[in-house]
DNA sequence: GATGAATGAGTCTTCATTCAT
DNA sequence: TATGAATGAAGACTCATTCAT
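Chains as they are written, first to last, in this note's numbering: chain A, 591 to 827; chain B, 591 to 827; chain C, 591 to 827; chain D, 591 to 827.
So, in structure tokens, the structure goes:
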């Protein structure tokens, strides 16, 4: 357990650093020059650097094949430095995953069914595209999360599970609503939402992780799975 | 690496023992009594027992959380004995996965489109149900494989990848054929086959691994995803 | 935490090995030859060897200055081997101390005040001599325990404390009895027992640990502190 | 090792500051105003504060269980600052012990046997009481020193040893003198002085460290051990 | 003087595998 | 064949000390 709580880590790339720290012995007059701010920035840069390196390695070899030493070597940093910023390998992993899951979550918006809003189907497509874009912008993390399937242990499992369930529940809710509005046919929302989510994962795996697709391709793929999900494979009579 | 190649392992429980061993010291006159056969049987029983134990543990904790010691303890066998039967932990894992994947493969048959055959859709549903049944009969392995997502390293990744690709290619072939026959609409077979496979994985995860479903439920779930896949969610106008 | 409970350690030197083990997978017929017994003996010898080495090192440098590596080097044993026998450095220390304290305890007998028994004073002297002999036979442990004063942490502190308190309480009981019998003067048993115990420790430290005294010297020293304790320094008028 | 020798530390609380510093940058004209003196005072306050904190922590957890970080946290001082005042953890420990031992030493006076002086026994009791008072006023240090028994390594051992030997030699000298004067009986001064010193340590441990005694109690305890030392336990016939 | 990020040697511990019996 | 003690490489983590700002 760390006695000095590790400071907040700057999110690696799309880092929105909310510079508002301060604490510790320097209770006196704050240096007018930005020395403190600068120190803070440097610290966060270091954290971000370490996370970036770790992310790349976790995605390349797996988590278990990546040793702290690997990260150290790749980052060109001493052993202790890493522990100055993180509680250990697992903590880095968690930081990465948490931040990534949060990004995904924030890309999803509830479908607004008020008549004045954008058509629901459009909203769904937008959501889909937004999520795919986030995944695409974080290929390494997408790879890590999709391939780790669940996680490293019970705790991680629970987190991933909860995340997917949340996503699926959102989808299921939309389906139920769609049914109620007569938009959707007589489906079993639970099963269908599972299948849809699974399909999405697989498609993301193939088009984002396995091959790196450009935005245009992604849009095409999104549209295709949407069509498939909505209308199925069968030829319309 | 062992100097003497370990003999073939008996598949654990639903063991399709391809009895074709023989080699080693007893190359001379075979004792008329079944002593050799008995020894062979004992060996295979041991192997099977070890695999069964390992399977259970790999499914419970993950692969990396399972130590050889755990297996030893659970099997009530000495350290050296295990290495007499397998080349190590990883070899046991591979043996389990290979045997499982083979079972799945053998549950899938190519769709026969000759006019005299069973209707293609029926064949697809049968295939689906057969696979689900195999998974259901091997919950632990299903759990292991679905949650391990890819594998432990590059080699294992390749194996899993190849397996899924094979499955998907089969499906894709069927889709292409269906398109050609005018049965299916203007779909992109690659993407749709990915989505379908992904959906299948997720549903299997939820209904076989997470909750243990009875045959009846499985049938219902299969039918539902089939309907969804074929006709989509939208209400038919 | 060890999954396989470490087997009982043979006491290092004055090892009274109560050979009665057996457990584990070998539930079948016991080999008539003494292979199992032999294995057990070897194991205990190894344990004893490690303890002996550790004892010497703990006594020489202190506990904290002794690394596992030091023990390994001195014993000519591989890293894992040590952990096969003990849960770690601390466990070895505890094993040593526990065994030593037990030896001391068993050297002390309650003073029998029944008229038919040996004279109480003689009994006390015998006790004293027995304890000193045990200490003398275990110089390294005596050094460790006397210099460690309390211990390494709260837990060890408590153990040492309890041990000394027990010893002192015994002594105090004897004093109270002596007072009641009119043998002893108007003393405060608590304080006097503390002082006597402390004196004993110091003398042991000087005559056993600092210089190695022979039996004869030890007897002389015992007699002297007994005289001093009983009659004080003052010249008898 | 520091290139610039750290200035003398102010003793923590009952500080006998031997103000004899000076050196360094201000070798030129001394500012008439007390800026230098003020800086010096601040420095010593810092040092004292750090020592006080360290003392408390060393007494609470042991030396080895106390990390520099602990001291830093408790003192609210930055890492580098501590090294500005001391050469490190060990140096702080030594500073504390040295200062404490000096206090004890200065509480002891040689017994004056000239006829005109206070009665020797009275002098001894006074000495005893003075030492106990010093210990009592420095409970933390008493705890540290009595429980550390010897020290952390060979060097520290030697120091403690020498200190106790000096004390004991003083006592032994008194005993020899007492014998010569016919005041004391036919004792072995070496052994008896050891026993007496050991008794003293133990009693101090119990009455000062374990329980915090008031002055009155201490006086009573001193008197008791003196009586015991002089006259022994036996009832006077 | 003060700060605290960086350092890296030092420790402990685990565990898959080997091999003599 | 079976056993289990021995191995030692590999890994994670700590912490006293340094030093640029």
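Using N, Cα and C, we set each Cβ at its ideal position, and we do this for glycine too.
Contacts with chain D at 8 Å (Cβ-Cβ) do not include residue 803(C).
Separation of the CB atoms of residue 824(B) and residue 772(A) is rounded to 11 Å, and the pair is thereby denied contact status at 8 Å. Rounded to the nearest whole angstrom, the CA to CA distance from residue 787(D) to residue 777(D) is 15 Å. Here the stretch 719–728 of chain B does not lie against the stretch 745–756 of chain B, with fewer than 3 beta-carbon pairs under 8 Å apart. The distance from the Cβ of residue 682(B) to that of residue 690(B) is about 13 Å, inconsistent with a contact at the 8 Å cut-off.
Residue-level contact check: residue 785(B) touches chain A, since one or more beta carbons of chain A fall below 8 Å from its beta carbon. Around the beta-carbon of residue 704(C), fewer than 16 other beta-carbon atoms lie within 10 Å, marking it exposed. By the Cβ-count criterion, residue 635(A) is exposed, with fewer than 16 other Cβ atoms from all chains shown falling within 10 Å of its own Cβ. Scanning 785(C), 794(C) and 815(C) for the CA closest to the CA of residue 817(D) turns up 785(C). Here residue 774(D) is bridged, per DSSP, to 824(C). Not one beta carbon of chain A lies nearer than 8 Å to the beta carbon of residue 694(B).
If you check each beta-carbon in the stretch 722–735 of chain A against every beta-carbon of chain B, none falls closer than 9 Å. For residue 700(A), the three-state secondary structure derived from DSSP is coil. Closest in C-alpha terms to residue 748(C), from the list 633(C), 700(C) and 688(C), comes 688(C).
Residue environment for residue 637(A): buried (at least 16 other C-beta atoms within 10 angstroms of its C-beta). Counting only Cβ-Cβ distances below 8 Å, residue 774(B) has contacts in chain A at 823, 824 and 825, in chain order.
When C-beta distances to chain D are compared with 8 Å, the residues of the stretch 736–769 of chain C below that value are 736, 737, 738, 739, 740, 742, 743, 765 and 768, in chain order. Under the three-state reduction of DSSP, residue 747(B) is assigned to helix. Residues of chain A with a Cβ closer than 7 Å to the Cβ of residue 819(B) are, in chain order, 822 and 823. Residue state for residue 716(B) is assigned as helix, using DSSP reduced to three classes. A Cβ-Cβ contact shorter than 8 Å links residue 640(C) with residue 672(C). For residue 675(D), the uninterrupted alpha helix (DSSP H) segment begins and ends at 669–675.
Taking a Cβ-Cβ cut-off of 8 Å, the neighbours of residue 796(A) in chain B comprise 784, given in sequence order.
At a cut-off of 8 Å, the C-beta of residue 658(C) has no neighbouring C-beta in chain D. Rounded to the nearest whole angstrom, the C-alpha separation of residue 708(C) and residue 782(D) is 27 Å.
Counting only the Cα atoms, residue 796(C) lies some 22 Å from residue 761(C). Residue-level contact check: residue 712(D) does not touch chain C, since none of the beta carbons of chain C fall below 8 Å from its beta carbon. Spatial neighbours of residue 702(B) in its own chain (CB-CB distance under 7 Å, excluding positions within 5 residues in sequence) are listed in chain order as 713.
Counting only runs of 4 or more residues that sit fully inside the stretch 632–672 of chain A, the alpha helix (DSSP H) segments are 658–665, in chain order.
A residue is called buried once 16 or more other Cβ atoms fall within 10 Å of its Cβ, and residue 792(B) is buried on that count.
The alpha-carbon separation between residue 706(A) and residue 820(A) amounts to approximately 23 Å.
Judged by pairs of C-beta atoms under 8 Å, the stretch 649–658 of chain C touches the stretch 737–746 of chain D, as three or more such pairs exist. Check the Cα spacing between residue 789(A) and each of 769(A), 758(A), 643(A) and 805(A): the tightest is with 758(A). In this structure, DSSP gives residue 740(A) a state outside helix and strand, which the three-state scheme calls coil. By the neighbour-count definition (other C-beta atoms within 10 Å, threshold 16), residue 768(C) is a buried residue. Proximity of residue 815(B) to chain A, defined by a Cβ-Cβ separation below 8 Å, is satisfied.
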